[in-house]
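Here the structure is laid out as structure tokens; the discussion comes afterwards.
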Amino acid sequence: MTQTDDIATENRRGFLKCMLWAGTGVVWTVAGGVPRSALIGGGAMAATPAGGDLTFVQISDSHIGFAKAPNTDTAATLKEAVDRVAEIKGNASLLIHTGDVSQLSRAAQFDTAEQIVKGAGMDTHYVPGEHDVLEDDGKSFFERFTKGAARGYYSFDQQGVHFIGLNNVQDLKSGGLGNLGQDQLEWLEKDLSGRSASQPIVVMAHIPLWTVYQDWGWGTDDGAKALSYLKRFGSVTVLNGHIHQVMQKVEGNVAFHTARSTAFPQAAPGSASGPGPIKDFPPDRLRTVLGVTKVSQIRGSAQLAIVDTPLGA
Amino acid sequence: MMRLRTMIVLAAVLGSPLLAGAAMSAAMDDPPGVNIDNFSFAPEALVIAPGTRVTWTNRDDIPHTVTDAAGKMAFRSAALDTGDAFSHVFDTPGTYHYFCSLHPKMQGTVVVR
Numbered sequence: 175m176t177q178t179d180d181i182a183t184e185n186r187r188g189f190l191k192c193m194l195w196a197g198t199g200v201v202w203t204v205a206g207g208v209p210r211s212a213l214i215g216g217g218a219m220a221a222t223p224a225g226g227d228l229t230f231v232q233i234s235d236s237h238i239g240f241a242k243a244p245n246t247d248t249a250a251t252l253k254e255a256v257d258r259v260a261e262i263k264g265n266a267s268l269l270i271h272t273g274d275v276s277q278l279s280r281a282a283q284f285d286t287a288e289q290i291v292k293g294a295g296m297d298t299h300y301v302p303g304e305h306d307v308l309e310d311d312g313k314s315f316f317e318r319f320t321k322g323a324a325r326g327y328y329s330f331d332q333q334g335v336h337f338i339g340l341n342n343v344q345d346l347k348s349g350g351l352g353n354l355g356q357d358q359l360e361w362l363e364k365d366l367s368g369r370s371a372s373q374p375i376v377v378m379a380h381i382p383l384w385t386v387y388q389d390w391g392w393g394t395d396d397g398a399k400a401l402s403y404l405k406r407f408g409s410v411t412v413l414n415g416h417i418h419q420v421m422q423k424v425e426g427n428v429a430f431h432t433a434r435s436t437a438f439p440q441a442a443p444g445s446a447s448g449p450g451p452i453k454d455f456p457p458d459r460l461r462t463v464l465g466v467t468k469v470s471q472i473r474g475s476a477q478l479a480i481v482d483t484p485l486g487a
Numbered sequence: 195m196m197r198l199r200t201m202i203v204l205a206a207v208l209g210s211p212l213l214a215g216a217a218m219s220a221a222m223d224d225p226p227g228v229n230i231d232n233f234s235f236a237p238e239a240l241v242i243a244p245g246t247r248v249t250w251t252n253r254d255d256i257p258h259t260v261t262d263a264a265g266k267m268a269f270r271s272a273a274l275d276t277g278d279a280f281s282h283v284f285d286t287p288g289t290y291h292y293f294c295s296l297h298p299k300m301q302g303t304v305v306v307r
């Protein structure tokens with residue numbers, strides 16, 4: 175237990191440090207069904223396993239079109255993140271973007287993001303953020319970024335891992351949180367039925383499926399229902415964006431992780447008067463306070479060990 | 195409105211430019227406005243007379259919407275970017291709950307009576 179306690183302490187310390195950071199991607203590796211992550215640019219990249227394991231990269235919340243403090247050039251920071259992805263991708267087979275590709279769902283913003291992300295030269299999968307479905311009920315986003323999935327949710331298999339992209343950003347109810355809706359829940363239940371419980375599952379959704387902070391709407395009203403369908407699986411990883419900071423939680427066989435934004439940081443839950451961008455964040459530190467996140471399983475325990483370390487002072 | 199018009203007329207009759215000026219500026223402020231800032235509507239509750247036009251202005255860095263919380267969607271704005279405004283005339287007495295469809299924790303009320 176000492177080991178676990180040490181790691182927990184380190185997590186807390188690392189977590190506080192990494193709150194100062196914004197702007198890159200996360201590399202995910204699935205080895206033996208257990209996903210591990212490392213922030214791009216970190217020394218932990220050396221932990222990339224030999225061929226055979228599935229590796230993928232996550233970026234999120236590029237907000238192309240946002241041009242205010244603390245980041246007036248979100249295209250540039252997305253480009254930097256993608257350049258790093260291209261540098262370090264190694265044998266990574268996928269890139270995922272967990273939503274808020276754009277600021278205002280404008281075609282030009284989608285174009286810019288799509289062109290930049292293509293620079294990674296990787297098969298890319300997107301899920302919509304609430305900023306991406308502001309026009310025509312999301313149709314223009316789905317046609318461009320989730321081809322074949324008219325409502326933005328879909329699944330596919332990659333090297334034995336089952337990936338599920340969810341849409342929890344539409345038909346939100348007054349006073350509520352993120353929302354999947356009955357149709358999507360039924361689709362999910364069907365998608366999972368008959369699957370072997372030993373198949374690793376990776377779920378992507380923009381708004382956290384677990385309640386990070388209710389007052390700021392950082393959760394999904396019917397997320398628990400979706401998670402109930404996933405309970406029987408031995409390895410489930412839920413990857414979210416939306417909150418522009420790293421958060422993680424492990425519940426049974428389910429590991430939750432939120433990615434940082436490539437655009438701007440948001441405050442820790444309840445630490446500011448609202449969930450908007452941290453406007454007075456020093457611009458020169460947006461790039462210099464990059465961090466590393468390394469996730470690995472403590473042997474004999476269901477817990478994932480996740481350590482975040484900043485790269486710069 | 196009646197009271198303001200009376201005041202303006204009164205000011206004209208009295209020939210007091212000062213009073214007329216004050217009345218005019220009150221008249222300019224007359225259309226009730228709701229400011230959207232820091233993920234909230236201010237004022238959160240607005241009481242107006244039937245036939246009044248309400249204008250919401252987004253002062254936040256993040257886009258928001260003004261969406262009727264009732265199923266019938268009597269009013270529903272497009273996404274309002276920073277500086278964008280949306281207006282709706284409330285003709286029928288009643289209590290109208292609305293929210294931001296992007297950030298549904300943001301809620302407000304218009305009471306028409």
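From first to last, the protein sequence lines are chains A and B.
Per our numbering: the first sequence = residues 175 to 487.
Per our numbering: the second sequence = residues 195 to 307.
Glycine included, every Cβ here is placed at the ideal spot set by N, Cα and C.
Source: prediction; values computed, not measured.
message: What residue range does the beta strand (DSSP E) around R318 of chain A cover?
response: Not the beta strand (DSSP E): R318 of chain A falls in the alpha helix (DSSP H), residues K313 to F319.
message: Can you list, in chain order, the residues of its chain with a C-beta nearer than 6 Å to that of D365 of chain A? Leave out the 5 residues immediately preceding and following it.
response: S329
task: Starting from K242 of chain A, find everything on chain B with Cβ-Cβ shorter than 8 Å and list it in chain order.
output: D255 and T276
Listed by chain order, chain A residues near H291 of chain B by CB distance under 7 Å: S348
- request: Please list the partners that W390 of chain A has in chain B, where partner means a Cβ-to-Cβ separation under 9 Å.
  value: F233, H297 and K299
- prompt: In chain A, which residues lie less than 7 Å from A263 of chain B when you measure between Cβ atoms?
  reply: S348
query: Taking 8 Å as the CB-CB limit, is A273 of chain B close to chain A?
result: yes
task: Report the rounded CA-to-CA distance for L354 of chain A versus V275 of chain A, giving the unit in angstroms.
output: 19 Å
Run of the alpha helix (DSSP H) containing T402 of chain A, from where it starts to where it stops: The sequence given here places Ser at residue 402 of chain A; Thr does not occur at that position. G397 to L404 is the span of the alpha helix (DSSP H), which, as asked, contains S402 of chain A.
message: Below 8 Å on C-beta distance, what does S447 of chain A contact in chain B?
response: N232
- request: Just list the beta strand (DSSP E) runs in the stretch 331-390 of chain A, keeping only unbroken ones of 3 residues or longer that don't cross its boundaries, in chain order.
  value: 335-339 and 375-378
task: On the DSSP bridge assignment, give the partners of H299 of chain A in chain order.
output: A:I270
task: May I ask which residues mark the beginning and end of the beta strand (DSSP E) holding V259 of chain A?
output: Segment T248 to I262 is the alpha helix (DSSP H) holding V259 of chain A; no beta strand (DSSP E) there.
- request: Go through its chain and collect everything with a Cβ distance to Q301 of chain B's Cβ below 6 Å, but skip five positions before and after it.
  value: F293
message: Under 8 Å, Cβ to Cβ, is there at least one residue of chain B near P374 of chain A?
response: no
- request: Quick one: grab the DSSP three-state call for T261 of chain B.
  value: strand
- request: Determine whether the Cβ of E317 of chain A lies closer than 8 Å to any Cβ atom of chain B.
  value: no
field: Spatial distance of L362 of chain A from D247 of chain A (CA atoms)
entry: 37 Å
task: Note down, one range per segment and in chain order, each beta strand (DSSP E) of at least 3 residues found wholly within the stretch 410-460 of chain A.
output: 410-414, 421-425 and 428-432
query: Excluding the five sequence neighbours on either side, which residues of its own chain have a C-beta within less than 6 Å of the C-beta of A260 of chain A, listed in chain order?
result: A294
- prompt: I think H416 of chain A touches G303 of chain A, with their Cβ atoms under 8 Å apart; what is that distance to the nearest whole Å?
  reply: 7 Å
C-beta neighbour in chain B for G273 of chain A, strict 8 Å: no
message: Suppose contacts are defined by Cβ-Cβ distances below 8 Å. Is L383 of chain A in contact with A371 of chain A by that definition?
response: no
message: On the criterion of 16 or more Cβ atoms from any shown chain inside 10 Å, does P451 of chain A qualify as buried, or is it exposed?
response: buried
- prompt: By the 10 Å Cβ neighbour count, where 16 or more other Cβ atoms means buried, how is S447 of chain A classified, buried or exposed?
  reply: exposed
query: Should T432 of chain A and V420 of chain A be called a contact, given that it needs their Cβ atoms to be closer than 8 Å?
result: yes
- prompt: Who are the Cβ neighbours of A243 of chain A in its own chain at under 6 Å, not counting the five residues just before and after it?
  reply: K453
task: Taking C-beta pairs closer than 9 Å, name the residues in chain B that P451 of chain A reaches, listed in chain order.
output: D255 and I256
task: Name the two residues that bound the continuous beta strand (DSSP E) containing V231 of chain A.
output: L228 to I233
field: Limits of the unbroken beta strand (DSSP E) element including V275 of chain A
entry: That residue, V275 of chain A, is in no beta strand (DSSP E); it is neither H nor E in DSSP.
Cβ of L354 of chain A within 8 Å of any chain B Cβ: no
- request: Put D231 of chain B into one of helix, strand or coil per three-state DSSP.
  value: strand
query: Can you list, in chain order, the residues of the stretch 272-303 of chain A whose Cβ is nearer than 9 Å to any Cβ on chain B?
result: Q277, L278 and S279
Simplified DSSP state of I242 of chain B, which is helix, strand or coil: strand
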